[in-house]
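Engineer: Heads up: the sequence lines are chains A and B, in that order.
For the first sequence, the positions run 237 to 530 when this note's numbering is used.
For the second sequence, the positions run 237 to 530 when this note's numbering is used.
Positions of the beta carbon are idealized from the N, C-alpha and C atoms, including for glycine.
Computed from a prediction, not measured in an experiment: that's the story for all the values here.
Below is a structure I'd like to ask you about.
2 protein chains.
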Amino acid sequence: MQLIDGKAVANQLKLEIAAEVELLVKNGGKRPHLAAILVGHDGGSETYVAAKVKACEVCGFTSTLIRLDIDGSEHDLLEQVDRLNKDEDVDGFIVQLPLPKHISEQKVIEAIDFSKDVDGFHPVNVGRMSIGLPCFVSATPSGILDLLKYYQIETQGKKCVVLGRSNIVGKPMAALMMQKAYPGNATVTVCHSRSTDIKEECKKADIIIAALGQPNFVTADMVKEGAVVIDVGTTRLPSTRTKSGFKLTGDVLFEEVAPKCSYITPVPGGVGPMTIVSLMKNTLLAGKKAIYNN
Amino acid sequence: MQLIDGKAVANQLKLEIAAEVELLVKNGGKRPHLAAILVGHDGGSETYVAAKVKACEVCGFTSTLIRLDIDGSEHDLLEQVDRLNKDEDVDGFIVQLPLPKHISEQKVIEAIDFSKDVDGFHPVNVGRMSIGLPCFVSATPSGILDLLKYYQIETQGKKCVVLGRSNIVGKPMAALMMQKAYPGNATVTVCHSRSTDIKEECKKADIIIAALGQPNFVTADMVKEGAVVIDVGTTRLPSTRTKSGFKLTGDVLFEEVAPKCSYITPVPGGVGPMTIVSLMKNTLLAGKKAIYNN
């Protein structure tokens, strides 16, 4: 069993990005600039945004954090989005999700200029990804592809089971794993809450990508010997053993599944760090205007 | 075994559309207007476009057919697209594919105003469909959903195998069958040219949607007793038995597969007529500005 060290791969990729940025700046180019809008003070969101700001520092990006009050209106948020759309110094920006219930996430996502949508959530980027055109690929699926690449894991003709059909992970992951490319060319099955045969599908899978958000859902009896298991789950379960009072828990019951795997990602330290690196990669692409010219 | 009569369903849906259009016009509304651009004189394309024009008549739509020379430049075609984008009388339009090789299909598709893209091929419509937002759903997958609905075929929790990963059928079909809706909520597997286990996947399938474009690919040994089989294939094979000199041939070896099925579509007369009706439905939606307001 080989543990997939997302943290180490992420650190290496960040160094590569940093080196490219220094070269870019040295040659008179502009330092990439990522902005983030954070509404309220949700614990998870604070952690993610702080990690993104820190990653920007490591990569040599300019970063801007805009904080909005949890009670602020949708209109206020849309105004900030509009301002960032027009700000020529900002290459890409994100609105940290989830948003408070009185704000429509979809409306906000669609208000973002797709050429600055480094989260890859805008319909134009989602559509272009599905078709196979250059676009900002959403961060978590993109990070998983990078892990598969880094560990040279074969995907062509393999049976890949994606657990979960979220717009942010499950659906784009399925689209990417079936594309004519490496990683890709897999036979892809998407299972979800209404699937009746998840166990049977998983038992046949060469690659399982678990993104249900159900702690410890994937057990050893669902995994075949030699499978590759990618765990996207990051549920915060209460814990008395950690300083923070919670423990990040994946969708895979690691202790019993790991011994059967050829490769497996831990939680934390697997997919998580890669997600942030993918956001950095998209920001670099935005800074270089490598996807869209406007 | 129940034969799915796409022609009959299509005719009924066209009558329903026609009734709605007459009511619309009676109430002072505008008659929906579909335009089509046809480049050259490809036999298949001529047939399809003629069928679309005829369907417009039945539905009470205005239709316009614009013919361009096979040697015309990409620039000429893009000019026509731009003209139709701006023509306020035209509610929706299509560029009949395939295009001659010197013209980029993708460039042309992206040049179409997505709010008039009744084929549903523009990235905005593809992305919105994947996310689950109102959009123009591409015609063939949409027609298949209508057939499943018409025959009240259960899809929730069923294993649905989609053969083929084209942008026009396979990928959107998979996205639709996994969506939280009826028809949908299926466990979806996409197989394609690089899949090594197509037969095994098909044997487990409750629903097979064959869109590989490989005549008679699906044989009886690949289909389980009681399965629903939807055949999207329409390969033109030479034939001495028909006046036209060819025979439309599906991806399913109908004679041997049909007896095992609970439902099956014939070729011709199955999915084909529904595809055109879906285009009519999208045009009606465009005419009513039911999806986009601009």
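Residues of chain A with CB under 9 Å from B/A411, in chain order?
Structural biologist: The contacting residues are S366, K407, A410, A411.
Engineer: Please list the residues of the region 415-429 of chain B that have a C-beta atom closer than 9 Å to any C-beta atom in chain A, keeping them in chain order.
Structural biologist: Taking 9 Å as the Cβ-Cβ cut-off against chain A, the residues of the region 415-429 of chain B that qualify are Q415, K416, G420, N421, A422, T423, V424, T425, V426, C427, H428, S429.
Engineer: Determine whether the Cβ of A/D433 lies closer than 8 Å to any Cβ atom of chain B.
Structural biologist: It does: the Cβ of A/D433 has a partner Cβ on chain B nearer than 8 Å.
Engineer: With 16 other CB atoms within 10 Å as the buried threshold, where does B/D353 fall?
Structural biologist: Burial call: buried.
Engineer: Go ahead and pull the three-state DSSP assignment for A/G486.
Structural biologist: Of the three classes helix, strand and coil, the one that applies to A/G486 here is coil, per DSSP.
Engineer: Which word fits B/M237, buried or exposed, when buried means at least 16 other C-beta atoms lie within 10 angstroms of its C-beta?
Structural biologist: When all chains shown are included, B/M237 counts as exposed.
Engineer: Rank B/N247, B/P336, B/A271 by C-alpha distance to the C-alpha of B/H277 and give the top, closest one.
Structural biologist: It is B/P336 whose Cα lies nearest to the Cα of B/H277.
Engineer: Can a CB atom of chain B be found closer than 8 Å to the CB of A/N198?
Structural biologist: Residue 198 of chain A lies beyond the residue range present for chain A, which begins at 237 and ends at 530; the question has no answer from this structure.
Engineer: Using only the alpha-carbon positions, how far apart do A/I306 and B/G508 sit?
Structural biologist: Taking the straight line joining both Cα atoms gives about 52 Å.
Engineer: Under the criterion of a Cβ to heavy atom distance below 7 Å, does B/G308 qualify as lining the ligand NAP?
Structural biologist: Here there are no bound small molecules, and the ligand NAP is not part of this structure.
Engineer: Kindly identify the DSSP beta-bridge partner or partners of B/V465.
Structural biologist: B/V465 is bridged to B/I444, B/I500.
Engineer: Could you please tell me which residues of the region 478-507 of chain B, in chain order, have their CB closer than 8 Å to any CB of chain A?
Structural biologist: So the list is empty, because no residue satisfies the distance condition.
Engineer: If distances are taken between C-alpha atoms only, which option among B/L270, B/L313, B/S366, B/I434 comes closest to B/V294?
Structural biologist: Out of B/L270, B/L313, B/S366, B/I434, B/L270 has the C-alpha closest to the C-alpha of B/V294.
Engineer: Could you tell me the alpha carbon to alpha carbon distance between A/F482 and A/G505, rounded to whole angstroms?
Structural biologist: A/F482 and A/G505: Cα-Cα distance of roughly 16 Å.
Engineer: B/F453 to B/I445, Cα distance in whole Å?
Structural biologist: Approximately 12 Å, taken between the alpha carbons.
Engineer: Is the shortest distance between the beta-carbon of B/P377 and the beta-carbons of chain A less than 8 Å?
Structural biologist: Chain A contact via Cβ: absent.
Engineer: To the nearest angstrom, how far is the alpha carbon of A/C371 from that of B/S351?
Structural biologist: The straight-line gap from Cα to Cα measures roughly 21 Å.
Engineer: Taking 8 Å as the threshold (beta carbon to beta carbon), is B/G393 in contact with chain A?
Structural biologist: Yes, its Cβ sits closer than 8 Å to a Cβ of chain A.
Engineer: Which class does A/K416 belong to by DSSP, given the choice of helix, strand or coil?
Structural biologist: In this structure, A/K416 counts as coil in the three-state DSSP scheme.
Engineer: Starting from the C-beta of A/V426, find all residues in its chain whose C-beta is less than 7 Å away, skip the five residues before and the five after it, and write them out in chain order.
Structural biologist: Excluding sequence neighbours, A/V426 sits near V398, R401, G406, A410.
Engineer: When you compare the CB of B/G363 with every CB in chain A, is at least one pair closer than 8 Å?
Structural biologist: It does; some Cβ of chain A falls within 8 Å.
Engineer: Nearest to B/A254 by CA position, among B/K525, B/K517, B/Y386, is which residue?
Structural biologist: It is B/K517 whose Cα lies nearest to the Cα of B/A254.
Engineer: What would DSSP say about A/D353, mapped onto helix, strand or coil?
Structural biologist: The answer is strand: DSSP assigns A/D353 an E or B state.
Engineer: DSSP on A/R303, reduced to helix/strand/coil?
Structural biologist: Three-state DSSP puts A/R303 in a strand.
Engineer: Can you list the residues of chain A that B/P370 reaches, using a CB-CB cut of under 9 Å?
Structural biologist: Neighbours of B/P370 on chain A: none; closest Cβ ~11 Å, over 9 Å.
Engineer: Roughly how many angstroms separate the alpha carbons of B/V493 and B/V459, rounded to a whole number?
Structural biologist: When rounded, the distance between both Cα atoms is 7 Å.
Engineer: Reducing DSSP to helix, strand and coil, say where A/A291 ends up.
Structural biologist: Of the three classes helix, strand and coil, the one that applies to A/A291 here is helix, per DSSP.
Engineer: Taking 6 Å as the limit between beta carbons, can you name the residues of its chain near A/T298, skipping five residues before and five after?
Structural biologist: R267, H269, listed in sequence order.
Engineer: Please report the Cβ distance between B/L239 and B/A272, rounded to the nearest whole angstrom; I am assuming they are in contact, meaning their Cβ atoms lie under 8 Å.
Structural biologist: Rounded, the Cβ-Cβ distance is 31 Å, inconsistent with contact.
Engineer: Taking the C-alpha atoms as reference points, what is the distance between A/G296 and A/Q332?
Structural biologist: Going by the C-alpha atoms only, they are around 21 Å apart.
Engineer: Taking C-alpha atoms, which residue in A/P495, A/K394, A/V289 lies nearest to A/E437?
Structural biologist: Ranking A/P495, A/K394, A/V289 by Cα distance to A/E437 puts A/K394 first.
Engineer: With burial defined as no fewer than 16 other Cβ atoms inside 10 Å of the residue's Cβ, what is the status of A/R303: buried or exposed?
Structural biologist: It counts as exposed.
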